[in-house]
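**Q** Sharing a structure, written as structure tokens. Questions coming.
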Amino acid sequence: MNEFVETLLEMKWHEPKSSYDVVIIGGGGHGLATAYYLATQHGITNVAVIEANYIGSGNSGRNTTIIRANYGIPESVRFYQHSLELYAGLEDETGCWIMHATKGLLWIAHTETGMRAERARAMINTACGAETHVVGPQEIKQICPQIDLTGNGRYPVLGASYHVGAATARHDRVVWAYAQGAMQRGVTVLQHTKVTGLIRAGERVVGVETDRGPIWAGIVMSAVGGNVTKIAAHADVRLPVRTHALQAFVTNAYAPGFSGIISDSELSCYVSQTPRGQMLIGAEFEPQPSYSMQSTFNSLASCAKKITNCLPFLRDLRVLRQWTGICDVSADFSPIMGFTGVDGFVISTGWGTWGFKGIPAGGEQMAQLIATGRTPDLIAPFALDRFARDHAMADLGSAGTR
Amino acid sequence: MSNRRIVVDGQPVTYSDGDSVATAILRGGEHPKYGGTLCLGGDCPNCSADVDGVPYVRTCQTPATPGLVVRRHPSTGNPSFPNVVQADITKTPLSDAVGVTRTEVDVVVIGAGASGTAAAAEARSTGHGVLVLDARDGNEVVAIYGGPTVIVRQPTGMAHIHAHQVIVATGAAELQPVCPGNNLRGIITARAAEQLHASGVSLPDAVAVGYLPADVPCIAVAGQIVRIEGNEHGSVTAVVTVDTDGTQTTTACSTLIVGLGFAPRDLLARMSFGLPVTVVGPAAEKFALPPCPTAGTVCPCSGVEVEDLEGVWARGFHELELVKRASLCGTGTCQGSVCGPHLQAFVAERSGSTPELFTARPASRQITLAEAAADTFTDVFRYSPLHDEHLALGAQMDRFGGWWRPWNYGDHTVEYWAVREAVSLGDVSTLGKLVVTGPDAVEFLERLYPTTVADIKPGRSRYVLLLNERGHLIDDGMICRETETRFVLTFTSGGAANAEMWLRDWAETWAMHVHILDRTMSLAAINVTGPLADELLQRVGLAEPPKFLQHRHTEVAGIACHVMRLSFTGEASFELHHAADQSVELWRALMAAGRDLGIKPHGLQALFGLRLEKGHVIVGMDTELDSTPRRLDMDWAVKMDKPFFLGQSALARTATLPDHRRLFGFTMPGAAPIEGSPIWSAGNIVGHVASSFNSPLMGHAVMLGWLKHTPFPEQVQIDGRTASITDLPFYDSEGRRARA
Amino acid sequence: MLALNTLRGIRVVAAPHVLDATLWPTHVAALRIAPDDIFAIEATEADAAGVAAADPHSIIVDEHGFVGCWLDHQQLEHITRHIEWHAPLHRPALVQGYVAGVPAKIWLTNERSLLLCAGPYAADLMERVA
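Residue numbers (numbering that gives the first Met the number 0), protein chains in the order written: chain L, 0 to 401; chain U, 0 to 739; chain H, 0 to 129.
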């Protein structure tokens, strides 16, 4: 037996009913976390989570597992810092082992203007509760002894912002922890059930059509990843979202020896070592919109090239597996959470490359919104109508990153 | 031959011609991984070792060569990271040691077995060029990507093969036993036995279960394997089998040969969904699954036992993908090649239907990151023609907007004063420069820019904003009108490439009769700025320099220049646009002529401060994704009463909305705060500093900053100090110096 | 080591049919960069007088922004190792794309070939194909 075989969880699958108080489309992290917090914080358990494949089969099971809050605008820093803190308490709260480890994240810069961005990031992060320092080359070397500060002679490391609280957790296990917690309290999770439409009564959304028949709902939430524009279109909601592929790869497993998370702002690549010992390496999303999950050699080659500039020891590591997820990227790169303008239909989308880190806070806040009928302050800036109001939550310094 | 030796765990091991590393190790009586069934066909992970510093190399696929250094992975835990000698900044960068060949061919056939050979012959008979790749010939196919492109690892490097069609004829892999004792040393598949016997490796006390290897001396034992017994050294001592009637038999042996059946070797086939890839022969066959495993190691890569699968199943993980993810079965080096059929059998028995195996992902054979990145290059850095001049003047260079640019020449304050009090040169070769001509040129630019264009006279120029359809600023620059139908446009260095695409897209969308030429990299430009700029230019032959916001084609120091008078620094400024190959000559002539005027070049650091004193924004630094002219207090640059311009309808709509985002000027005694510092009011963050500068002239901090909460406070706290909103510009508010 | 030198000529942007009909002196290599865009190496504005007459809005300017070097077959073979794409078989042909990750062009003729790129890319191109 390896030490990572799941031995704590107990999934309780319930038989489907024809009607629920809340129906959540999408059995990934966000959908299941919302169901979990509805049950644990609001006592709402007559809830179904409908998943087209198996739970966590979308981006929840394809991301690079990084948890961080070092964003560029106060609203984002506060939201993700809250999420980071919820993550830190999740094992105690659920009794599940999500392999959470606080590691610290170095976001390294190679130019004066790059350093300017990292200094700004550190200032705004720390002011909003996410401890981040500016560090110089020698401190970087202490945190990450493997680094080549010359950047292979081409990308010299001038410094970095060091986000102390950044962490990683095993993505599947986050999904399962929320699924188990929700199901234990009576939430129904329906796998392999495709939502084919939304049922309307007048303007209001009152249920979902599925390939296994209609399911009625007091309120429907979309926590869909990848095909969200199609789901929203059933409610005549247009979303400023485009879907892009994002690729990543892991190496074989090596003895522990790389304790932090290293991220390169200029080259848009990042790496951490998983608890199993694999080096997990990712890049930015592909520039052209696509639903394709086909991996490309160009992505592997260029990401391998970029990451080895400053971390030459990776050159002789072997690539085990490369894969692709698809990201719903909003017009300002920030998520879209809350009411849609259509009664009975709320949404959590536009997570781009940041969905995993937002799972606990996104779930908790959406649960509160559903339970109270009011938008919580923490996510009010991320409402869909911000685009009509011309109040983008634009965080250019963090756009396109993990 | 004495040199036929490799080193295994520090000990010399002699090999014979044609041996793989695995064969050599077995010939020496050892096991490349201490234990586990060996297939010697590249399918299983059980011969992986560190070869010449690279862990996880399948030694059965690696030819033994003199002096090869092999280290077996630790028996428990993972191998360590390879040792790397740190790069030395005084030496040239690490070169890419891995070579790449690139070829194009009609048909690639993967696998030179019977089905592959037949497929290749058929393709050739129809006149196609065919390339056959087989791992046994040193062509390890790593993956098939879109194209299709076949990535191959060869002893000499990597091959990228672009094919029109790919035929996967990879055959079948042999099943490995899953039972107690299957981690012992001495278990080999029937094919491996044939291979070893043919190589002259002794297989002592060999017993075979299942189909028999050809021509290998062994005792055949009937029945199914129940368990394998071993001694304290981890070596096989006996196999226990069971007959159809339930009778168990123990047969002593040192070598157990297993012929248990086959599974399609279909990793490549399963990763090629949607590509022009055909699968033929055993790789496409549906083989019977092995019996549902009941005990033993099912996944040797991740160390998963059958009881682990049972455990996660009992916890509610009721499908193959979830069982895989909860146990990690199938997520190791062999990507499920060994455990896949057993995992399918396990799930099939419990769920009542045979599940598909998970999608295969690259890489089917592992390559190092260096091999993946071979002959791959990332960003190109652009060098101004004046790059060497800057270095000679002691510049610290920095990359900005994709170019190497002087950050400073040692002391940016000295450079600042040269601009404010004498004359200075700035290298602005990086600016975007487009020529637009045509009968529709005026109409085109009227639609493109929010300012009026028709009233710009030939020989005059105007500062312009470039907005997108949302009315958000995406770039800024100058329009210089040359004739009725010919314009020169400038853009920011970082925005130039996007601006060219933007113009071409809209010209096409609107079917404008215009011609566009991007001269960004063909022309260099030097900005001559400072109160003595005029005098300097006269010295080098420009008798009558153009007036503010005028431009002219003329010679400067004997070099043809397009001279544009404008000002970003706040002082009189002349941009001299000229042929890139004459830039050094012009720069030197200007520097020489200005020596007694106190001429100094200035870098970006000084420029950022100089322009900040004038309140000029830098797009992308001070502006944000959604910066409208109103938010930048630049409504003066927008003529809403024009018939049409890009962003007009959005601006009309948002003009009526309440807004609480605005860029302001701030001043504060003392040193400039860090750019990005939060701006506080009554204990709340109400914005942040976009740009800041210690003004040498004013002796205090000047800033551009965003306030994002209304009502906008008059006084705020930055860096623990009180700062005040101050009208822009901070310097020369009437613009006398720029016009002087 | 490649020595990339400034290529002098003119740049002509005009209606595609006008460029199609233009004849260039034999010593000029006219590189059709785009349907409406030619870089005519060793040409002068006088050589493009016909273009100016046929398309009064054409842009005809001196072009000194490219650097390049002529390659024999062996040198070309060396360069093409750094190209992921494949060149057409007909000659002469202009191919444009990444060479060792640098935006570049190759003018292929039966006798020899010209590798060229925009001047600011020269340093990286030389380093990478050295």
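For glycine and all other residues, C-beta sits at the position ideal for the given N, C-alpha and C.
Going along the chain, which unbroken runs of the beta strand (DSSP E) with 3 or more residues stay wholly within the stretch 702-727 of chain U?
**A** If we require 3 residues or more, the beta strand (DSSP E) runs fully inside the stretch 702-727 of chain U come out as 714-717 and 720-725.
**Q** Note down, in chain order, each residue of its chain lying with its Cβ closer than 6 Å to the Cβ of VAL555/U, except the 5 sequence neighbours on either side.
**A** The count along the second sequence starts at 1 and reaches residue 555/U at position 556. VAL539, LEU541 and LEU575.
**Q** Pop quiz: THR58/U and ILE24/U are said to be a contact at Cβ under 8 Å. What is the actual Cβ separation, rounded to whole angstroms?
**A** Sequence index remark: in the second sequence, residue 58/U carries index 59 (1-based). Sequence index remark: in the second sequence, residue 24/U carries index 25 (1-based). Confirmed, Cβ separation roughly 7 Å.
**Q** Kindly list, in the order they appear in chain U, the residues whose Cβ is closer than 9 Å to that of ARG31/H.
**A** Against the third sequence, residue 31/H aligns to sequence position 32. The premise fails here: ARG31/H is roughly 14 Å from chain U at the closest Cβ pair, so nothing lies under 9 Å.
**Q** Taking buried to mean at least 16 other C-beta atoms within 10 Å of its own C-beta, is ILE218/U buried or exposed?
**A** Position 219 of the second sequence, counted from the first residue, corresponds to residue 218/U. Classification of ILE218/U: exposed, given that the 10 Å Cβ count is below 16.
**Q** So LEU377/L and PHE78/L are in contact, right, with Cβ under 8 Å, and what is the actual spacing, rounded?
**A** Translated into the one-based positions of the first sequence, residue 377/L becomes position 378. Translated into the one-based positions of the first sequence, residue 78/L becomes position 79. With 8 Å as the limit, LEU377/L and PHE78/L qualify as a contact, their Cβ atoms being about 6 Å apart.
**Q** Within the 7 Å Cβ cut-off, does THR436/U reach chain H?
**A** Walking along the second sequence from the start, residue 436/U turns up at place 437. THR436/U counts as touching chain H.
**Q** So what does DSSP say about GLU499/U, is it helix, strand or coil?
**A** Position 500 of the second sequence, counted from the first residue, corresponds to residue 499/U. Reduced to three states, the DSSP call for GLU499/U is helix.
**Q** Does any CB atom of chain L fall closer than 7 Å to the CB of VAL140/U?
**A** Position 141 of the second sequence, counting from 1, holds the residue named residue 140/U. VAL140/U does not count as touching chain L.
**Q** Give the secondary structure of SER298/L by DSSP, where H, G and I count as helix, E and B as strand, and everything else as coil.
**A** Reading the first sequence from its first residue, position 299 is the one you call residue 298/L. It is helical.
**Q** Let me know the secondary structure DSSP gives GLU231/U once reduced to three states.
**A** Taking the second sequence and counting its residues from 1, the one referred to as residue 231/U is at position 232. Here GLU231/U sits in coil by DSSP.
**Q** Pull up the CB-CB distance for VAL220/U and VAL238/U, whole angstroms please, since I reckon it's below 8 Å.
**A** Numbered from its first residue, the second sequence carries residue 220/U at position 221. Numbered from its first residue, the second sequence carries residue 238/U at position 239. Confirmed, about 7 Å.
**Q** Flag PHE406/L as yes if its beta-carbon sits less than 7 Å from any beta-carbon of chain U, otherwise no.
**A** Since the first residue shown for chain L is 0 and the last is 401, residue 406/L is missing from the structure and cannot be characterised.
**Q** For GLY57/L, which of SER291/L, CYS302/L and PRO334/L has the nearest alpha-carbon?
**A** Here residue 57/L refers to the residue found at position 58 when the first sequence is read from its first residue. Selected option, being the one with the closest Cα: SER291/L.
**Q** Going by C-alpha distance, which of GLY30/L, PRO274/L, HIS132/L and LEU37/L is nearest ILE744/U?
**A** Since the first residue of chain U shown is 0 and the last is 739, residue 744/U is not available in this structure.
**Q** Using CA atoms only, rank isn't needed, just tell me which of PRO62/U, THR236/U and ALA268/U is closest to THR254/U.
**A** In the second sequence, counting from the first residue as 1, residue 254/U sits at position 255. Ranking the options by Cα distance to THR254/U, first place goes to THR236/U.
**Q** Cα separation between VAL227/L and ASP327/L?
**A** In the first sequence, the residue the question calls residue 227/L occupies position 228. In the first sequence, the residue the question calls residue 327/L occupies position 328. Straight-line Cα distance between these residues: approximately 8 Å.
**Q** If you compare alpha carbons, which of GLY34/U, ARG101/U, VAL50/U and HIS615/U is closest to PRO78/U?
**A** Along the second sequence, one-based indexing puts residue 78/U at 79. Checking every option, the nearest Cα to that of PRO78/U belongs to VAL50/U.
**Q** Check the C-beta distance from VAL140/U over to LEU39/U and give it rounded, since I have them as a contact under 8 Å.
**A** For the purposes of this step, residue 140/U is taken as residue 141 along the second sequence, with counting starting at 1. For the purposes of this step, residue 39/U is taken as residue 40 along the second sequence, with counting starting at 1. The pair is not a contact, with the Cβ atoms about 18 Å apart (cut-off 8 Å).
**Q** For the alpha helix (DSSP H) containing ILE82/H, name the first residue and the last one.
**A** Counting from one through the third sequence, the residue named residue 82/H turns up at place 83. No alpha helix (DSSP H) holds ILE82/H; DSSP gives it neither H nor E.
**Q** Going by DSSP, what residue range makes up the beta strand (DSSP E) through MET396/U?
**A** Counted from its first residue, the second sequence places residue 396/U at position 397. It spans 395-399 - the beta strand (DSSP E) in which MET396/U sits, taken as one unbroken run.
**Q** In chain order, what residues of the same chain have a beta carbon less than 6 Å from the beta carbon of LEU18/H, not counting five sequence neighbours either side?
**A** In the third sequence, the residue the question calls residue 18/H occupies position 19. ILE37, listed in sequence order.
**Q** Tell me the residue span of the alpha helix (DSSP H) that contains TRP312/U.
**A** Position 313 of the second sequence, counted from the start, is the residue given in the question as residue 312/U. That run of the alpha helix (DSSP H) goes 305-313.
**Q** Would you kindly report the start and end of the unbroken alpha helix (DSSP H) that includes ARG190/U?
**A** Counted from its first residue, the second sequence places residue 190/U at position 191. From DSSP, the alpha helix (DSSP H) with ARG190/U extends over 189-197.
**Q** Would you mind telling me which residues of chain L sit closer than 7 Å to HIS687/U, beta carbon to beta carbon, in chain order?
**A** Working through the second sequence from its first residue, we reach residue 687/U at position 688. Going along chain L in sequence order, the residues near HIS687/U (Cβ under 7 Å) are ILE123.
**Q** How would you call TRP635/U, buried or exposed, if buried means at least 16 neighbouring beta carbons within 10 angstroms?
**A** Taking the first residue of the second sequence as position 1, residue 635/U is located at position 636. It counts as exposed.
**Q** For ASP105/U, tell me which candidate among ASP133/U, ARG70/U, GLY146/U and LEU67/U has the shortest Cα-Cα distance.
**A** As a first step, residue 105/U is located in the second sequence; it is residue number 106 there, counting from the start. If we check each option's Cα against that of ASP105/U, GLY146/U comes out closest.
**Q** How would you list, in chain order, the residues of chain U whose beta-carbon sits under 7 Å from the beta-carbon of TRP322/L?
**A** Taking the first residue of the first sequence as 1, we reach residue 322/L at position 323. Those are ARG360, listed as they occur along chain U.
**Q** From the DSSP output, in three-state form, read off GLN277/L for me.
**A** Within the first sequence, the letter at position 278 stands for residue 277/L. Note: GLN277/L maps to strand in three-state DSSP.
**Q** Would a check of beta-carbon distances place ARG381/U closer than 7 Å to chain H?
**A** Here the question's residue 381/U lines up with position 382 in the second sequence. Judged by the 7 Å Cβ criterion, ARG381/U is in contact with chain H.
**Q** Output needed for ILE366/U: all residues of its chain with C-beta closer than 6 Å, excluding positions within five of it in sequence on either side, in chain order.
**A** Here residue 366/U refers to the residue found at position 367 when the second sequence is read from its first residue. Same-chain partners within the cutoff: VAL141 and ARG152.
**Q** Quick check: is the beta carbon of GLY276/L nearer than 7 Å to any beta carbon in chain U?
**A** Taking the first sequence and counting its residues from 1, one reaches residue 276/L at position 277. Answer yes: the Cβ-Cβ gap between GLY276/L and chain U drops below 7 Å somewhere.
**Q** Using CA atoms only, rank isn't needed, just tell me which of ILE256/U, SER428/U and GLY66/U is closest to GLN10/U.
**A** In the second sequence, counting from the first residue as 1, residue 10/U sits at position 11. Nearest of ILE256/U, SER428/U and GLY66/U to GLN10/U, Cα basis: GLY66/U.
**Q** So, using beta-carbon positions, are LEU465/U and VAL452/U closer together than 7 Å?
**A** The residue labelled residue 465/U in the question sits at position 466 within the second sequence. The residue labelled residue 452/U in the question sits at position 453 within the second sequence. Contact: no.
**Q** Measure the C-alpha to C-alpha separation of SER18/L and ASN181/U and round it to an integer number of angstroms.
**A** Taking the first residue of the first sequence as position 1, residue 18/L is located at position 19. Taking the first residue of the second sequence as position 1, residue 181/U is located at position 182. Those two C-alpha atoms are separated by around 51 Å.
**Q** What are the start and end residues of the alpha helix (DSSP H) that includes PHE443/U?
**A** By one-based count along the second sequence, residue 443/U stands at place 444. From DSSP, the alpha helix (DSSP H) with PHE443/U extends over 440-447.
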